[in-house]
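**Q**
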């Protein structure tokens, strides 16, 4: 006989056996591994609140992630100043950002 069968549990039902902190750690490790296999490198950048908001709004309008938007801006700037090598053509940029 189960004494707690009628007791309702609060919150979402548990769908993962790991605690939330461990889930986040595993997910981050998997994301880093996926990025490595795709040849991506991480760059940390600090910007003002205004620029952050503007980047988010533009990314939403373009239907891309903020990271993809920043990457496309950087690649286009490199092309304009002539510092990009031949592999960074406009077609490659569009392909990289998923357009």
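Numbering (the UniProt record's numbering), first residue to last: 1 to 99. Heads up, the beta-carbon is just placed ideally off N, CA and C, and yes, glycines get one too. If you're wondering where the values come from, they're calculated on a predicted model, not measured in any experiment.
Return helix, strand or coil for residue 67, following the three-state DSSP convention.
**A** Looking up residue 67 in the chain shown gives position 67. In this structure, residue 67 counts as helix in the three-state DSSP scheme.
**Q** Taking only three categories from DSSP, how would you classify residue 56?
**A** Counted from its first residue, the chain shown places residue 56 at position 56. In this structure, DSSP gives residue 56 a helical state, which the three-state scheme calls helix.
**Q** Just curious, the alpha helix (DSSP H) that residue 24 is in, first and last residue?
**A** Walking along the chain shown from the start, residue 24 turns up at place 24. Taken as a continuous stretch (DSSP letters only), the alpha helix (DSSP H) holding residue 24 covers 20-37.
**Q** Exposed or buried, which one is residue 72 when buried takes at least 16 other CB atoms within 10 Å?
**A** For this step, residue 72 is matched to residue 72 along the chain shown. The residue in question, residue 72, is buried, as its Cβ has 16 or more Cβ neighbours within 10 Å.
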